[in-house]
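Visitor: This note's numbering puts the first residue of the sequence shown at 333, with every later residue one more than the last. C-beta atoms are modelled at their ideal positions from N, C-alpha and C, and glycine is treated no differently. What you are looking at is a predicted structure, and each value in this text was computed from that prediction instead of being measured.
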Amino acid sequence: MLPQLLEKIARARVLVVGDVMLDRYWYGDVERISPEAPVPVVAVTSAKELPGGAANVARSARALNAACALLSISGDDREADGLEKMLIEEDIACRLHRDKLINTTVKLRVVSRHQQLLRIDFDCPASKDARVKLLDDYLKHVSEYDVVIVSDYGKGGLGYIQEMIQAARAASRPVVVDPKGDDYSGYRGANLITPNRKEFELVAGRFRDNRDLEQKASRMAQGLELDGVLVTRGEDGMSLVKRDGKALHVPARAREVFDVTGAGDTVIAAIGCAWSVGAEIEDALHLANIAAGIVVGKLGAATASPAEIMHELSMQEA
């Protein structure tokens with residue numbers, strides 16, 4: 333079924349709205365410990381920049397050959413220029429609402445021998461005026477797309493998520509949300525939310541086993557009027573729990589993990605793309621699981637292409 337699903341996704345139109353950021357990487361070797369403090373000294377030999385956050389979700393959707401547009405807020409700075417340039421080069425319709433009062437969010441990672449040694453975040457919340465302009469733009473264009481993917485990184489750029497969800501549902505467009513924070517009430521009415529285990533337990537409380545997870549997730553779906561909750565669980569795979577309590581647990585494919593950066597972006601992009609063409613949730617989860625497994629085997633915020641997915645599928649079936 334996946335080959336046919338991938339062919340359909342190539343005709344999909346996906347709208348991603350959320351918090352964008354610039355992922356900056358410094359690579360180098362560690363040969364000694366600093367005499368000033370018990371920390372490694374990294375001799376930086378190279379650097380790289382990639383679109384991050386909602387921008388990486390858009391990259392992941394575009395990597396699956398879906399037509400993709402991105403709506404977000406950024407600063408009016410060099411980092412925003414770089415983000416826009418990279419996204420345009422990947423054929424993503426990028427509409428950044430530039431806020432002169434803030435700086436574009438940057439995540440700086442220092443990496444040595446495929447291991448992150450340090451991450452430094454530069455955050456700045458968006459102004460209300462920028463959030464209102466983003467909502468206005470969204471309301472004008474949401475009906476032009478087959479699905480809406482909301483990528484909330486808690487950076488303050490999504491002040492009107494409930495209005496966005498209601499507008500999408502009024503236009504009969506499914507909404508998939510990657511949530512953040514300890515209050516999910518703003519996501520009421522979405523089709524699906526995709527928290528990781530830590531994010532889910534922050535809101536619903538710790539779960540002991542699959543049965544406990546199913547009960548908590550079902551209550552969450554009922555309370556928030558969701559079709560379902562998808563909890564990504566790292567090496568334990570993914571668990572989908574529908575509002576009626578029916579559950580599907582998908583084990584992760586064992587493989588060497590280099591970097592989990594962007595794995596959640598890949599999952600929500602794959603789910604959104606699959607739903608945009610009417611795929612069954614089981615097929616959507618299968619696609620997301622394979623794509624996420626490919627991404628964690630790479631370093632940095634990576635994506636998975638249809639060719640890589642088909643290769644991985646053939647390896648599983650061999």
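1. For K465, which residues from the same chain have a beta carbon less than 8 angstroms from its beta carbon, with the 5 sequence-adjacent residues on both sides left out?
2. Give a yes or no on whether the C-beta atoms belonging to V474 and V480 are separated by under 9 angstroms.
3. Per DSSP, what are the beta-bridge partners of K574 in this structure?
4. Compare the Cα-Cα distances from V349 to each of V573, Q494 and D355 and report the closest residue.
5. Can you find the residues in the same chain that come closer than 6 angstroms, C-beta to C-beta, to L338, ignoring five residues on each side of it along the sequence?
6. By the 10 Å Cβ neighbour count, where 16 or more other Cβ atoms means buried, how is I424 classified, buried or exposed?
7. Taking only beta-carbon atoms, is D484 less than 9 angstroms away from chain B?
8. According to DSSP, is P511 helix, strand or coil?
9. For K432, does the count of other Cβ atoms within 10 angstroms reach 16, so buried, or fall short, so exposed?
10. Quick one, are the C-beta atoms of D615 and L334 less than 9 angstroms apart?
11. Please list the terminal residues of the continuous beta strand (DSSP E) segment that includes Y357.
12. Take the Cβ of P511 as the centre, count every other Cβ of all protein chains shown within 10 Å, and call the residue buried at 16 or more, exposed below.
13. For C456 and A379, what's the separation of their Cα atoms in angstroms?
14. Considering only the alpha carbon of each residue, which of K417, K548, E411 and N542 lies closest to V582?
15. Quick one: what's got a C-beta closer than 6 angstroms to C400's C-beta in the same chain, skipping five residues either side?
16. Applying the 10 Å Cβ sphere with the 16-neighbour rule, what's the burial state of R343?
17. Less than 9 angstroms separating the beta-carbons of R445 and D355?
18. Compare the beta carbon distance of T598 and A579 with 9 angstroms and say whether it is the shorter of the two.
19. Given a cut-off of 9 angstroms, decide if Y492 and R520 are closer than it, judged by their beta-carbon atoms.
Guide: Looking at the atomic coordinates:
1. H429
2. yes
3. G560
4. Q494
5. P638
6. buried
7. Chain labels in this structure do not include chain B; a single protein chain is all it has.
8. coil
9. exposed
10. yes
11. V352 to I365
12. buried
13. 23 angstroms
14. N542
15. V346, A390, A393, R394 and I424
16. exposed
17. no
18. no
19. no
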